[in-house]
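**Student:** Before we start, here is the structure in question, set down as structure tokens.
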Amino acid sequence: MNDLSASFSNAAIVNRVNTNINAECNWFGATSYAAINGEINVAAGTVDFTSWLVNGTDEQLAAGFQNTSCSGTPVEITSSVPTHILCGATIGSIEVTFGSGTSPYDISWTGGSASGVTSPYTITPLLAGNYTVTITDANLSTASTVVAVNYQPVTNVTQSTYHTSIQAAIDASSNGDVLQVCAGTHTENVNVNKSVTLKGNNFGTDGCDTRVAESIIDGGAGSQSLSPQVASLLMDLD
52 MNDLSASFSN
62 AAIVNRVNTN
72 INAECNWFGA
82 TSYAAINGEI
92 NVAAGTVDFT
102 SWLVNGTDEQ
112 LAAGFQNTSC
122 SGTPVEITSS
132 VPTHILCGAT
142 IGSIEVTFGS
152 GTSPYDISWT
162 GGSASGVTSP
172 YTITPLLAGN
182 YTVTITDANL
192 STASTVVAVN
202 YQPVTNVTQS
212 TYHTSIQAAI
222 DASSNGDVLQ
232 VCAGTHTENV
242 NVNKSVTLKG
252 NNFGTDGCDT
262 RVAESIIDGG
272 AGSQSLSPQV
282 ASLLMDLD
């Protein structure tokens, strides 16, 4: 017997005592969470089951139900790779790779969702921020992860790396590196303790020529915004 759907009180399991019943194998003759939940009658305690354990059959000849091993796998997220927001870009994305479980799969993230997706799935467009991503399979097993999409307005041209602030870029740089700063107002106090080149959005443009949006360092509240502590600093931020 591997289908308890015709049991007592039109329910597969009836719990009338103040305790927990472990029913981890799916012996309900169905695999959907809604169908299984409808076959559980809880009057006092609780009944816990694992929806992705889809086989718990009794294949023994002896009378009565004989416990057997359960089979099935939960869905898993194997990777979640963000594409961060750089100069010129206004949106980011997250590529989510997943597997196991049982198709079809649904995906949800902070601010959105999609149904019937396949792996890998790209979530876009995204603003900078933290996103909780959840994959749900046909048996309602779930896997979740939290991914950060960052705004990285400073590029270390020498090392081909990207950074969330000018100070972070300087801290990770080496003497002689060239740092390109996006247009916009960068509100931070910058301590320049390495020999680097800071290039703004109008680097190389004469002050009398046509200019585009500027790169501005603003310490905020009238505080000092730039503190050079090296013998060599080349800077063109305006």
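For the sequence shown, this note's numbering assigns the number 52 to the initial residue and increments by one for each residue that follows. Every residue, glycine too, gets a C-beta built ideally from N, C-alpha and C.
(1) Under a three-way DSSP split, which group does I142 fall into?
(2) By how many angstroms is the C-alpha of Q218 removed from the C-alpha of Q203?
(3) Cβ of T101 versus every heavy atom of the ligand FMN: is any distance shorter than 6 Å?
(4) My guess is that S246 and N226 are in contact by the Cβ rule of under 8 Å, so how many angstroms apart are they, rounded?
(5) Cβ of T299 within 7 Å of Cβ of T161?
(6) For the alpha helix (DSSP H) containing A220, name the first residue and the last one.
(7) Can you give the Cα-Cα distance for P125 and S195, rounded to whole angstroms?
(8) Please report the straight-line C-alpha distance between N252 and G143, rounded to a whole angstrom.
(9) For S166, name the three-state secondary structure that DSSP assigns.
(10) Inspect the beta-carbon positions of I186 and I145 and report whether they are closer than 7 Å.
(11) Considering just the uninterrupted stretch of the beta strand (DSSP E) at A199, what are its terminal residues?
(12) Only counting the same chain, and skipping five residues up and downstream in sequence, which positions put a Cβ closer than 7 Å to that of P171?
(13) Is the distance from the Cβ of D157 to the Cβ of S166 below 7 Å?
(14) DSSP three-state call for G270: helix, strand or coil?
(15) Does T206 pass the burial test, meaning 16 or more other C-beta atoms within 10 Å, or should it be called exposed?
(16) By Cβ distance, which residues of its chain are closer than 8 Å to V229, with the 5 residues on each side in sequence left out?
(17) Since V198 and P133 are thought to touch, with beta carbons under 8 Å apart, how far apart are those beta carbons, to the nearest angstrom?
(18) Three-state secondary structure (DSSP) at L230?
(19) Just the C-alpha distance for L137 and N201, rounded to the nearest angstrom, thanks.
(20) Among T236, N240, T193 and N244, which one has its Cα closest to the Cα of S224?
(21) Rounded C-beta distance between A239 and S216? I'm assuming under 8 Å.
(22) What are the boundary residues of the beta strand (DSSP E) that S225 is part of?
(23) Determine which residues share a DSSP beta bridge with K245 and list them.
(24) W103 and Q192 - do their beta-carbons sit closer together than 7 Å?
**Tutor:** In short, the structure shows the following:
(1) coil
(2) 12 Å
(3) Absent from the structure shown: the ligand FMN. Ligands present: none.
(4) 4 Å
(5) Here the chain covers residues 52 to 289 and nothing more, so residue 299 does not appear.
(6) I217 to D222
(7) 12 Å
(8) 21 Å
(9) strand
(10) no
(11) T193 to V200
(12) E146, V147 and T148
(13) yes
(14) coil
(15) buried
(16) N207, V208, T209, V247, T248 and K250
(17) 5 Å
(18) strand
(19) 9 Å
(20) N244
(21) It is worth fixing the name first, because residue 239 is Glu in this sequence and not Ala. So it is a contact: roughly 6 Å between Cβ atoms.
(22) Segment: none, S225 is in no beta strand (DSSP E) and carries neither H nor E.
(23) Answer by DSSP bridge pairing: none, since K245 is not bridged.
(24) Correcting the residue identity first, residue 192 is Ser in this sequence and not Gln. In this structure, W103 lies closer than 7 Å to S192 by Cβ.
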